[in-house]
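According to our numbering, the first sequence holds residues 15 to 469 in order.
Glycine is no exception: its CB is placed at the ideal position from the N, C-alpha and C atoms.
Only a predicted model underlies this, so the values are computations on that prediction, with no experimental measurement involved.
Since the structure comes first, as structure tokens, the remarks are kept for the end.
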Amino acid sequence: RDRFAPSPTGQLHIGGARTALYNWLLARKEGGVMVLRIEDTDRERSTPENVEQILDALRWLELDWDEGPISQAERAERHKERLEQLLAADKAYYSLATSETVKAQKQQSNLGYRGESAPAGAEGAAIRLRVPDGITVVHDEIRGDVSFDNTVQDDPVIARADGSVLYNFAVAVDDGDMGITHVIRGDDHLSNTPKQLLVMEALGEAPPRYAHLPLLHGPDGKKLSKRHGAASVQELREAGYLPAAVRNYLALLGWGTQDDTTIMGTEELVERFDIADVGRASAIFDEQKLRWLNGRFMREMDLDSYTEAVARHLGREPDERLRAACAIAQEKAQTLEEVWPLIGFLFEEPDTDERAWKKVMKDGALPLLSDALEALRGAERFEPAELESSLGRVLAEHDVKPGKLYQPIRVAITGTSVSPGIFESLAVLGKDRSLQRIERALHRLSAETGKQTPP
RNA sequence: GGCCCCGUCGUCCAAUGGCUAGGACAUCAGGUUUUCAACCUGGGAACGCGGGUUCAAUUCCCGCCGGGGCUACCA
């Protein structure tokens, strides 16, 4: 039902994703279906692989569209037909003018180029549309009416000398034939719109409704690109963001509710979104806010979905062990990418972060750790509550702050000073492996402090 | 150069012809805490500039400045 044209680079630009989302939300709201137009399909930068990548990114975002790609070749007959129609009605003409001629003429008058008609089929003749005098008004759902003076508009080339048609002609014909009702796209197409409108007018076709979205910029105010960090949906996926969070964030980038609601599920977005409420100013993509939003979505997931999402991101099986690990890490991570550093120690022997070791394993750590080992050895049930009371007693005996005891244990079993809760970590790691790692740390510690190896 | 679009805290989004311009992210201070997060409390922070209309303008009009887009026999 709607239509958008992503840049065919293989990566789905975040701006393109937002355009797609707005199209999709509108289609969902009005019971229609989104139609994607991916231009330039038979050129180098838009190989079948690149197109597939874009579709894949859209699938990840959980947006759906009307199936069935139609190639330019399949449309060629129809385009030719419409071209003939315009030629016959003298609304278009063969033109020998080159871009130099056009430029030269414009230098003098500053008005739109109007060419001379060449004989049909003349060598090297392109086809131009005759632009009538008057004003072409784009009724934009977001910007209101935007007027363009036809007299400064060149007669646009609508077909090359070899007979192939140009974008502004092709979309006008296709939109009409496909019954496209809404065209939602980037601002950069606003000045193309009068050309398309002129073609439709000449064809006697009723125009769709238009909405032009402001462009997205990077933190420096320049057009969003790779050097600003993540600039594509694929990069967002790799960085461990959730589709629902990305949808929520993207929806808010250019649009907001009157009551300042920030967190919204997809159904709520569909219900509340209105294309007419979209802002007119360009927005800057801010990954920090996305991170925050993503964290909120991560924490609100139920454990099964969470485990599944983590498993998919890690390429592991969502087994019991991973589930247990997720249970203790869910509160901590903002993105899926951050989960593994928190739970990796449960699956493999951790490398010791030397800075953390140095910071934590200093004077006094040895006797504490050694007593902790004994306490843990004596623990009947290796569960958080019991571990807390056993270690609590060690704490009381030594009369030190909790951190003095827990940080060395943490470094001993996880290799780092940042981890899920210490009791939960010990419990999930299990008694054998916990004791083993603490023993190993004690050996190293005593060797370093030059004291005796504890029993 | 020509045509077009845009201009509210650092960022995103609201509101309003008139009381202290609101929320979120970020930031700062404090609290909580076994680390890191999370969480709680509080603070600072914006209507680009100049005219005009009006009793009153951030809001309406004009100019300027600033940012962006288009200006192909590309899409």
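May I ask which residues mark the beginning and end of the beta strand (DSSP E) holding Asp154? Sequence index remark: in the first sequence, residue 154 carries index 140 (1-based). Its beta strand (DSSP E) spans residues Ile149 to Asp154.
Quick one, which of Thr150, Pro146 and Leu110 has its alpha-carbon nearest Pro133's? Start at 1 with the first residue of the first sequence, and residue 133 comes out as number 119. Here the closest residue by C-alpha is Leu110.
With Phe183 as the anchor, note down where its alpha helix (DSSP H) starts and where it stops. Along the first sequence, read from residue 1 onward, the residue named residue 183 stands at position 169. Element bounds for Phe183: Tyr181 to Met192.
Taking all protein chains shown into account, decide if His27 is buried (16 or more other Cβ within 10 angstroms of its Cβ) or exposed. As a first step, residue 27 must be located in the first sequence, where it is residue number 13. So His27 ends up on the buried side.
Local conformation of Ser404 per DSSP, three classes: Taking the first residue of the first sequence as 1, we reach residue 404 at position 390. Reduced to three states, the DSSP call for Ser404 is helix.
Counted within 10 angstroms of its Cβ, other Cβ atoms place Asn504 as buried (16 or more) or exposed: Here the chain has residues from 15 to 469 only, and residue 504 is not among them.
What residues match up with Ser246 in a beta bridge as DSSP calls it? In the first sequence, residue 246 corresponds to position 232, counting from 1. Looking at the DSSP assignment, Ser246 forms a beta bridge with His27.
Separation of Trp38 from Pro364, as counted between CA atoms: Along the first sequence, read from residue 1 onward, the residue named residue 364 stands at position 350. Along the first sequence, read from residue 1 onward, the residue named residue 38 stands at position 24. Using only the alpha carbons, I get a separation of about 45 Å.
Close Cβ partners of Arg424 (< 7 Å) along its chain, the five nearest in sequence each way excluded: For this step, residue 424 is matched to residue 410 along the first sequence. So the qualifying residues of the chain are Ser431, Ser433 and Ile436.
Excluding the 5 residues flanking Leu229 on each side, which residues of the same chain have their C-beta closer than 7 Å to its C-beta? By one-based count along the first sequence, residue 229 stands at place 215. Excluding positions up to five away in sequence, the list reads Gly29, Gly200, Asp201, Asp202, Lys237 and Ser296.
How big is the Cα-Cα spacing for Thr467 and Thr349? For the purposes of this step, residue 467 is taken as the residue at position 453 of the first sequence. For the purposes of this step, residue 349 is taken as the residue at position 335 of the first sequence. Caution is warranted here: a pLDDT of 48 is assigned to Thr467, below 50, making its placement in the model unreliable, and the coordinate value is therefore given only provisionally. In a straight line, the C-alpha of Thr467 is about 42 Å away from that of Thr349.
Going by CA-CA distance only, name the one from Thr271, Gly358 and Leu283 that's closest to Asp291. Residue mapping note: residue 291 aligns to position 277 of the first sequence, counting from 1. It is Thr271.
Take every Cβ of the segment 412-424, pair it with every Cβ of the segment 310-319, and state whether three or more of those distances are shorter than 8 Å. no
Should Tyr224 and Asp154 be called a contact, given that it needs their Cβ atoms to be closer than 8 Å? If you number the first sequence from 1, residue 224 lands on position 210. If you number the first sequence from 1, residue 154 lands on position 140. A contact, by the Cβ cut-off of 8 Å.
Measuring CB to CB, does Ala186 end up less than 8 Å from Val160? In the first sequence, the residue the question calls residue 186 occupies position 172. In the first sequence, the residue the question calls residue 160 occupies position 146. No, Cβ-Cβ distance for Ala186 and Val160 is not below 8 Å.
Are there three or more Cβ pairs, one per stretch, closer than 8 Å when the segment 132-146 is compared with the segment 167-179? yes
Mind the definition here: the segment 203-212 touches the segment 272-288 only if three or more C-beta pairs lie below 8 Å; say whether that holds. no
Where Leu437 falls: helix, strand or coil (DSSP): Here the question's residue 437 lines up with position 423 in the first sequence. According to the sequence shown, residue 437 is Phe rather than Leu. The answer is helix: DSSP assigns Phe437 an H, G or I state.
Quick one: complete beta strand (DSSP E) runs, 3+ long, within the segment 52-130? 106-109
Could you tell me how far apart the beta carbons of Val260 and Leu75 are, in whole angstroms, since I believe they sit closer than 8 Å? Locating residue 260 in the first sequence gives position 246, where the first residue counts as 1. Locating residue 75 in the first sequence gives position 61, where the first residue counts as 1. Val260 to Leu75, Cβ: 7 Å. Contact.
Please return the same chain residues whose Cβ sits closer than 7 Å to the Cβ of Arg391, not counting the five positions on each side in sequence. The sequence position of residue 391 within the first sequence is 377, counting from 1. These residues qualify, in order along the chain: Leu449.
Own chain, CB closer than 8 Å to His327, minus 5 neighbours either side, in chain order: As a first step, residue 327 must be located in the first sequence, where it is residue number 313. The residues are Gly254, Leu350, Glu351 and Val353.
Quick one: what's got a C-beta closer than 7 Å to Ala244's C-beta in the same chain, skipping five residues either side? Working through the first sequence from its first residue, we reach residue 244 at position 230. Answer for Ala244: Leu250, Ala253 and Glu301, listed in chain order.
Reference Arg294, options Gly268, Leu304 and Lys346, closest by Cα: Translated into the one-based positions of the first sequence, residue 294 becomes position 280. Looking at the Cα atoms, Gly268 is the closest of the given residues.
So, is Thr463 buried or exposed, given that buried needs 16 or more other C-beta atoms within 10 angstroms? Here residue 463 corresponds to residue number 449 of the first sequence, with the count starting at 1. It counts as exposed.
Give the single residue among Gly378, Ala339, Gly406 and Ser178 whose Cα lies nearest to the Cα of Lys94. Indexing the first sequence from 1 puts residue 94 at position 80. Comparing Cα positions, the closest option is Ser178.
Please name the residue in Arg241, Asp191, Leu356 and Leu283 whose C-alpha comes closest to that of Phe299. Here residue 299 is taken as the residue at index 285 of the first sequence, counted from 1. Per the Cα distances, Arg241.
Pro222 classed as buried or exposed, judged by whether at least 16 other C-beta atoms fall within 10 angstroms: Counting from one through the first sequence, the residue named residue 222 turns up at place 208. The residue in question, Pro222, is buried, as its Cβ has 16 or more Cβ neighbours within 10 Å.
Just to confirm the assignment, what range does the alpha helix (DSSP H) spanning Ile172 have? Here residue 172 refers to the residue found at position 158 when the first sequence is read from its first residue. Premise fails: Ile172 lies in the beta strand (DSSP E), Val171 to Ala173, not in any alpha helix (DSSP H).
Between the beta-carbon of Leu356 and the beta-carbon of Ile452, is there less than 8 Å? Looking up residue 356 in the first sequence gives position 342. Looking up residue 452 in the first sequence gives position 438. No, these two residues do not count as a Cβ contact at 8 Å.
Taking just the CA atoms, how far does Ser239 sit from Ala399? In the first sequence, counting from the first residue as 1, residue 399 sits at position 385. In the first sequence, counting from the first residue as 1, residue 239 sits at position 225. Taking the straight line from one Cα to the other gives about 50 Å.
Can you give the Cα-Cα distance for Arg330 and Gly444, rounded to whole angstroms? Residue 330 sits at position 316 when you count from the first residue of the first sequence. Residue 444 sits at position 430 when you count from the first residue of the first sequence. So the two alpha carbons sit approximately 21 Å from each other.
Give me the Cβ distance between Ile198 and Thr428, rounded to the nearest whole Å; I'm assuming they're in contact under 8 Å. Start at 1 with the first residue of the first sequence, and residue 198 comes out as number 184. Start at 1 with the first residue of the first sequence, and residue 428 comes out as number 414. With 8 Å as the limit, Ile198 and Thr428 do not qualify as a contact, their Cβ atoms being about 49 Å apart.
Using the Cβ count rule (16 or more neighbours within 10 Å means buried), how would you classify His457? In the first sequence, counting from the first residue as 1, residue 457 sits at position 443. By the 10 Å Cβ count, His457 comes out exposed.
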